[in-house]
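Heads up: the structure comes next, in C-alpha cells.
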Amino acid sequence: MHPAHDTPLISILMQGQASTASYQANALLNPAGTDLDYSTVVTDANVQSLDNFRLDRQLTQKENDALDDASPTNIAALKAIAASIAKDNAKAVEEVARRILAAQSGGQESAAA
4 MHPAHDTPLI SILMQGQAST ASYQANALLN PAGTDLDYST VVTDANVQSL DNFRLDRQLT
64 QKENDALDDA SPTNIAALKA IAASIAKDNA KAVEEVARRI LAAQSGGQES AAA
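Numbers 4 to 116, taken from the working numbering, label the letters of the sequence shown in order.
Okay, here's the thing in C-alpha cells:
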C-alpha cells in the first residue's frame, strides 16, 4: 500500500492502525524475533510457541477493497485471495484449529468430572 500507486489516503490510514496493532501484538505475545510479512511468519520451529497469529495479504490490482464494490467480479477476486491466504498460512490455520479442539476437549472433560 503506497500513495505513489494511487492508494487512497483513507486506505493507508486504516491499514496503518491494523499494521501498528499487529506489530505491537507480535512484539508482546510472540517470542522475540518472530517475523511479520503482512502475516505472522509461521515455521515448523516456531508454530507451537506463537500466541498471536495474523493472516493478511496486500491486495493486488485485481481486488478492490471498496465497501460499495459488490460486483460478481470483485467478490470472486476477494474469495480467491481469501483462499490463497488460507492456503499460504496452512500451518497457522492448522495450529489454531488444533488449539481450539484441545481447549474444547479439555473443557468437556473437566465439565464431566
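For each residue, glycine too, the CB sits at the ideal point set by N, CA and C.
- A direct Cα-Cα distance of roughly 10 Å separates A83 from A89.
- Under the DSSP definition of a beta bridge, D40 partners with S42.
- Classified as buried, L53 has 16 or more neighbouring CB atoms from the shown chains inside 10 Å of its CB.
- The stretch 85 to 99 and the stretch 39 to 50 touch, with no fewer than 3 CB-CB distances between them shorter than 8 Å.
- For A28 against N55, the beta-carbon gap comes to about 5 Å, under 8 Å, which counts as contact.
- The three-state secondary structure of N77, taken from DSSP, is helix.
- Proximity to A35 across N49, A24, T23 peaks at N49, based on C-alpha coordinates.
- S25: member of the alpha helix (DSSP H) spanning 12 to 32, first to last residue.
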